[in-house]
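J.:
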Amino acid sequence: MSTTTRQACPECDGRLRSMGAETVCDECGLVVSEDELDRGPEWRSFADDETNPERCGAPLTRSRHDRGLSTEIGRSTRLKGRKRRQIARMRRQHNRARISSKRERNQVYGFTEIRRLTGQLELPEHVRDRSCVLFESAQDSDLLQGRCIEGFAAAAVYAVCRTASVSRTLGEIVAVASADEDELKVAYGALNRELDLRTGPIDPSEYLARFASNLDLPTDVERTARRLAREAHESGHAAGRNPSGVAAACLYTAARDVGHELTQREASDVAGVSTVTVRNTYKHLQR
Amino acid sequence: MNRQDRRAISREYFSRERLAEHHFRSFNNFLDRGMQRVVEEKESIDTDIGDKEGQEPVRVDLSNVRVVTPRVREADGSEELLYPQEARLRNITYSAPVFMEMSIVRGGEEEEEHVVDQAETKVGRMPIMVGSNKCNIADFSDEELIEIGEDPADPGGYFIVNGSERVLMTSEDLAPNKILAEYDTKYGDEIQIAKTFSQRRGYRALVLCERNRSGILEVSFPSVSGSINFVTLVRALGLESDEEIVHRVSEDPEIVKFMLENLEAAEVGSTAEAIETLGQRVAAGQGKNYQLKRANYVIDRYLLPHLHEEGVEDEETRTNKAVYLCRMAEACFELALERRESDDKDHYANKRLKVSGDLMKDLFRTALNKLARDVKYQLERANMRNRQLAVSTVVRSDVLTERLEHPIATGNWVGGRSGVSQLVDRTDYMGVLSHLRRLRSPLSRSQPHFEARDLHATQWGRICPSETPEGPNCGLVKNFAQSMELSQNVDDERELKRELASMGVEGIPGIETVETHTADD
């Protein structure tokens, strides 16, 4: 990075060139000025250079109750005896002081549960962060009273998945959640009613990719199923039907069209619906 | 051998793609046996549930661990195989899910032990070395490799974490579990020291045996501050009579003379007395019973841990420890009498290389411990809130994943070492090859260490005599010689010991018990 400037060298009238923080004469090598502001590009690169002027510290995260701003007292092997025990006591007090109220304690518990769920379901990070935000707003509007934290954690993940168009079925969430289905439904009902989630009906095609990979179906089956799902949606055949049932039926129909072996039982198992649902929806799609 | 033949051999050798072979062998060994062994060491996770009145204790038993091949889970939930090139381009980690069988066991106090829940669950993701057995491109032909956008000439042997290729530096350590005798000076006098880095399951303890200026032997080991009289320690280990001790050290009349000096200066006369004295050292100012308990615990736990073996009585191990200490004493005396020269630390027989598999084993061990602590916490929490205890709800898989990926991504390894993983040098093809076959000495580069930097005669055929960087790292960073082969640790030491026993070696602990065991089966 070097630029030539208009000014001439005071010694030999040669051309000046600024390189980084110095201005040097091209001809005689005289350093005309130094330690000026370096206007070169930053040494580190930030993803949000344009919008965020913050340049220090670890990134903030909504998925921790203190936004990841806390400090931890580390361990060292060099400390011995009395000093070591003192540091251990300080560490314990420090950890206790991180959580100041019952509310925060619940939040920490809820957030750990959300982290665990999103980790187990291998959901992307933004889903995790938004679930935590949703959980927090549920706490803010006093929805947790009389309902259980685990249920709200699971419901927050379920709701965020729906709004982010990466829907999971209730069954899939319950399988890994420590809440049971009733608790999840109660919590989700509260979230939906009070917080105005704006979740529309689930598009069956959101399920297709996952079901297809669970069933080890080739891509052409999935593609055909996707077309069928779109057609069903446009013609209104899918309206009022269980979206996972529709997804299963689409896959079943597509597999039959393409000539891939797939039983109704397999398709219904992976979608968590009964074979009857698949059969009925299939017949409906045929028309 | 003439030049033609040598050339033919070289060509044959390098046509077999053996350039990163040491990485593959080590990592495959870790995947096949090492991981399972670490899990078996851990065995089970105990919880504090049951400490309270009227509660049954709960623990989690760990058994089979299984790694599949690398795959990626998309946001829509579909899962597919991941190939290295895709990982590089999408800046994701080339890692495979790890599954473990876990069972929650309740009872043992009043009720009978029963399994509450048992399941195989995903515990995390393990970064997979490109080209290893679990790699998706392991046995692809050149055409298939080109088909999926992979370079057929790429040697593999590195990991891909967050899209960047990281190679684990082979590190050159002093051989553990070996007696090294050397001179040292203390307060201006020359003394003799026998050292052993005793290592077992990631725990490393330095045991020193030194002969001070008045000719008295002293031993120091972790958890005891300062040093302990040799005779006291040996007596505490069960070698009681003077004659036995002298006999175990050496038959040499001059060494016997030295030994008698030691025995004259002995503080204690019997095993019980010795343990008492030791107790006063390790738990000063405590009750007498506690002192004895603590002394026995320290002997069985912290002294020469490498002599421990699964299924061997502490009693037998103690005899072995005593004999081992006598060997160390002998080494000191021989050095004092100039019967032997001090051991050469730079001799390659006294070096061991830690390759990627060994490093990953260390990492996996600490990651598993972290996971265990988390499982314990989750279980206690779930129990406190009167929840059903289930395997699927107590494991947080990101704990293990995080602990495995972070050190590889940053190079900050467990045990405080840094720079263990490095970005693969892609300046050119030769750069990659050289980087994969590089090894590093843990010695500080800011100190001179002239001897360590010198070319040692025993490096012949193992280490390249000319390839080393200039400047502060000169001689500390080395490269393998062209057709070097790295041998691996003996997997089953029992086999070896049984063989030795059949050849007439006496006093190997556990061999007799092992044989009766096999007879029963």
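Residue numbers (my numbering), protein chains in the order written: chain A, 1 to 287; chain B, 1 to 521.
Quick reminder that beta carbons are idealized off the backbone N, C-alpha and C, glycines included.
Excluding the five sequence neighbours on either side, which residues of its own chain have a C-beta within less than 8 angstroms of the C-beta of residue 296 of chain A, listed in chain order?
T.: Because chain A here runs from 1 to 287, residue 296 of chain A falls outside it and cannot be looked at.
J.: Could you please give the first and the last residue of the uninterrupted alpha helix (DSSP H) stretch that includes residue 81 of chain A?
T.: Start and end: 81-97.
J.: Taking a Cβ distance cut-off of 8 angstroms, strictly less, list which residues of the stretch 65-90 of chain B are near chain A, in chain order.
T.: Flagged, chain order: 73, 74, 75, 76, 77, 78, 79, 80.
J.: In chain order, what residues of the same chain lie with their CB nearer than 7 angstroms to the CB of residue 279 of chain B, ignoring the 5 residues before and after it?
T.: Closer than 7 angstroms at the Cβ level, and outside the excluded window around residue 279 of chain B, lie 291, 292, 294, 295.
J.: Below 8 angstroms on the Cβ atoms is my contact criterion, and I expect residue 208 of chain B with residue 219 of chain B to pass it. Report the Cβ-Cβ distance as a whole number of Å.
T.: 7 angstroms between Cβ atoms; contact.
J.: Tell me the start and end of each unbroken alpha helix (DSSP H) in the stretch 149-202 of chain A that is at least 4 residues and wholly inside, in chain order.
T.: Fully enclosed alpha helix (DSSP H) runs of 4 or longer: 149-163, 170-176, 181-195.
J.: By how many angstroms is the C-alpha of residue 139 of chain B removed from the C-alpha of residue 251 of chain A?
T.: Spanning the two alpha carbons is a distance of roughly 33 angstroms.
J.: Against residue 166 of chain A, what residues of chain B qualify as contacts under a CB-to-CB distance less than 8 angstroms, listed in chain order?
T.: Correct list: 75, 76, 77.
J.: CB-CB under 6 angstroms to residue 475 of chain B, same chain, minus the five flanking residues each way: which ones, in chain order?
T.: Excluding residues within five positions, the ones whose Cβ falls inside 6 angstroms are 453, 468.
J.: What did DSSP end up calling residue 162 of chain B once you bin it into helix, strand or coil?
T.: Note: residue 162 of chain B maps to coil in three-state DSSP.
J.: Mind reading off the beta-carbon distance from residue 221 of chain A to residue 255 of chain A? Whole number of angstroms is fine, and I expect it under 8 angstroms.
T.: With 8 angstroms as the limit, residue 221 of chain A and residue 255 of chain A qualify as a contact, their Cβ atoms being about 5 angstroms apart.
J.: Have a look at B:498, B:375, B:354, B:378 and flag the residue whose alpha-carbon is nearest the alpha-carbon of residue 487 of chain B.
T.: Residue B:354 is the option with its Cα nearest to residue 487 of chain B.
J.: Considering Cα atoms alone, identify which of B:394, B:265, B:301, B:44 is closest to residue 282 of chain B.
T.: Selected option, being the one with the closest Cα: B:301.
J.: Strictly under 8 angstroms for the Cβ-Cβ distance: is residue 210 of chain A near chain B by that measure?
T.: Yes, its Cβ sits closer than 8 angstroms to a Cβ of chain B.
J.: Classify residue 286 of chain A as buried or exposed, calling it buried when 16 or more other Cβ atoms lie within 10 Å of its own Cβ.
T.: Exposed, by the Cβ-count rule.
J.: Just the chain A side, please: which residues come within less than 7 angstroms of residue 398 of chain B by C-beta, in chain order?
T.: Neighbours of residue 398 of chain B on chain A, chain order: 115, 119.
J.: With residue 123 of chain B and residue 96 of chain B assumed to form a contact (beta carbons below 8 angstroms), what rounded beta-carbon distance in angstroms separates them?
T.: That belief does not hold up - the Cβ atoms of residue 123 of chain B and residue 96 of chain B are roughly 12 angstroms apart, past 8 angstroms.
J.: Could you tell me the boundaries of the alpha helix (DSSP H) in which residue 253 of chain B lies?
T.: Per DSSP, residue 253 of chain B belongs to the alpha helix (DSSP H) from 253-264.
J.: Taking only beta-carbon positions, decide if residue 515 of chain B is within less than 8 angstroms of chain A.
T.: At residue 515 of chain B the pLDDT is 43, less than 50, meaning the model places this residue with poor confidence; the figure from the coordinates comes in the next sentence. Judged by the 8 angstroms Cβ criterion, residue 515 of chain B is not in contact with chain A.
J.: Assuming residue 440 of chain B contacts residue 348 of chain B under a Cβ cut-off of 8 angstroms, what Cβ separation, rounded to an integer in Å, is found between them?
T.: Wrong, their Cβ atoms sit about 15 angstroms apart, outside the cutoff.
J.: For the stretch 11-18 of chain B and the stretch 113-128 of chain B, state whether three or more C-beta atom pairs, one from each stretch, are separated by less than 8 angstroms.
T.: Judged by Cβ distances under 8 angstroms, the stretch 11-18 of chain B makes no contact with the stretch 113-128 of chain B, as fewer than three pairs qualify.
J.: Using the rule of at least 16 other Cβ atoms within 10 Å of the residue's Cβ for burial, across every protein chain shown, is residue 154 of chain B buried or exposed?
T.: It counts as buried.
J.: For residue 245 of chain A, count neighbouring C-beta atoms within 10 Å of its own C-beta (all shown protein chains included) and say buried if the count is 16 or more, exposed if not.
T.: So residue 245 of chain A ends up on the buried side.
J.: Flag residue 393 of chain B as yes if its beta-carbon sits less than 8 angstroms from any beta-carbon of chain A, otherwise no.
T.: Chain A, which has a Cβ nearer than 8 angstroms to the Cβ of residue 393 of chain B, makes this yes.
J.: For the stretch 449-470 of chain B, enumerate the residues whose C-beta is nearer than 9 angstroms to any C-beta of chain A, in chain order.
T.: Going along the stretch 449-470 of chain B in chain order, one finds no residue with a Cβ nearer than 9 angstroms to chain A.
J.: I believe residue 259 of chain B touches residue 268 of chain B by the beta-carbon criterion, under 8 angstroms. Please report the beta-carbon distance rounded to the nearest angstrom.
T.: Their Cβ separation, rounded to whole angstroms, is 16 angstroms, which puts residue 259 of chain B and residue 268 of chain B out of contact at 8 angstroms.
J.: Excluding the 5 residues preceding and the 5 following residue 513 of chain B in the sequence, name in chain order all residues of the same chain whose CB lies nearer than 6 angstroms to its CB.
T.: Bear in mind that the predicted position of residue 513 of chain B carries a pLDDT of just 45, short of 50, making it too unreliable to give a figure here.
J.: Using only the alpha-carbon positions, how far apart do residue 87 of chain A and residue 64 of chain A sit?
T.: Whole-angstrom Cα-Cα distance: 25 angstroms.
J.: According to the Cβ coordinates, are residue 361 of chain B and residue 157 of chain B closer than 8 angstroms?
T.: Not a contact, by the Cβ cut-off of 8 angstroms.
J.: What did DSSP end up calling residue 137 of chain B once you bin it into helix, strand or coil?
T.: Here residue 137 of chain B sits in coil by DSSP.
J.: What do you reckon, are the CB atoms on residue 8 of chain B and residue 211 of chain B nearer than 8 angstroms?
T.: Against a cut-off of 8 angstroms, the Cβ pair of residue 211 of chain B and residue 8 of chain B comes out as no contact.
J.: Closer than 7 angstroms by beta-carbon distance: list the chain C residues that pair up with residue 124 of chain A, in chain order.
T.: This model lacks chain C altogether; the protein chains it does include are A and B.
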